[in-house]
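Protein chains in written order, with this note's numbering: chain P, 3 to 135; chain H, 10 to 51.
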């Protein structure tokens, strides 16, 4: 039981670490998007000023402007604060899913002492011990 | 937890695709500006 508990605890810790890694990746991607915005703005202002000396843009100039606009749209899509990211574990959902007995509360199967739960819960983390006191 | 991870993974993949496309567009923009300057000078 102790080995199984420690295995579940390790799985839980690794899952939390994976979520934190995902949060770091998203932050890094958004940081890179910010750098791209700055690079596109500097490029457009520098080259645009040089290319518009006579007040006319050729086909290549308009293509550059179109690429700038499209890149801006893509970068805006990256930086837009979309809902749906979940980087934290909802404690209530976690307890209902993994810790509490499916046919009643956590105390209904454990008796008055709270020690006879050999089959449930599958996880014996600190949070599970605290909920049975 | 697993569903959150899978959902986030799809979002991260989408962000990576968008960032790659934006980078390609920036390179394309620079090339286009250089061509514009060259043709203007010629």
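Just so you know, even glycine gets a beta-carbon here, dropped at the ideal spot from N, CA and C.
- request: Leaving aside the five residues before and after residue 39/P along the sequence, list all residues of the same chain whose C-beta is less than 7 Å from its C-beta, in chain order.
  value: 77
Beta-carbon proximity of residue 21/P to residue 91/P, cut-off 9 Å
yes
Quiz item: By the criterion of Cβ-Cβ separation under 7 Å, what are the contact partners of residue 87/P in chain H?
Solution: Chain order gives the chain H residues near residue 87/P as 17, 20, where near means a beta carbon separation below 7 Å.
### Task
Find out if the Cβ-Cβ distance for the pair residue 35/H, residue 35/P is shorter than 9 Å.
no
Q) Which residues bound the alpha helix (DSSP H) around residue 33/H? A) 11-50
### Message
Using the three-state DSSP reduction, which class does residue 20/P fall into: helix, strand or coil?
### Response
helix
Could you tell me how far apart the beta carbons of residue 88/P and residue 16/H are, in whole angstroms, since I believe they sit closer than 8 Å?
7 Å
### Message
Does chain H have any CB closer than 9 Å to the CB of residue 31/P?
### Response
So, interface residue.
Report task. Return helix, strand or coil for residue 46/P, following the three-state DSSP convention. Result -> helix
**Message:** In whole angstroms, give me the CA-to-CA distance for residue 32/P and residue 31/H.
**Reply:** 12 Å
(message) Could you compute how far the alpha carbon of residue 16/P sits from the alpha carbon of residue 61/P?
(response) 54 Å
_If we define contact as Cβ-Cβ less than 9 Å, is residue 94/P a contact residue for chain H?_
no
>> Please classify residue 39/H as buried or exposed, where buried requires at least 16 neighbouring CB atoms within 10 angstroms.
In response: Label assigned to residue 39/H: buried.
Helix, strand or coil: how does DSSP classify residue 34/P here? helix
**Report entry** For residue 47/P and residue 27/P, the rounded distance between their alpha carbons
**Finding:** Their Cα atoms are separated by approximately 30 Å.
| message | Does residue 12/H pass the burial test, meaning 16 or more other C-beta atoms within 10 Å, or should it be called exposed? | response | exposed
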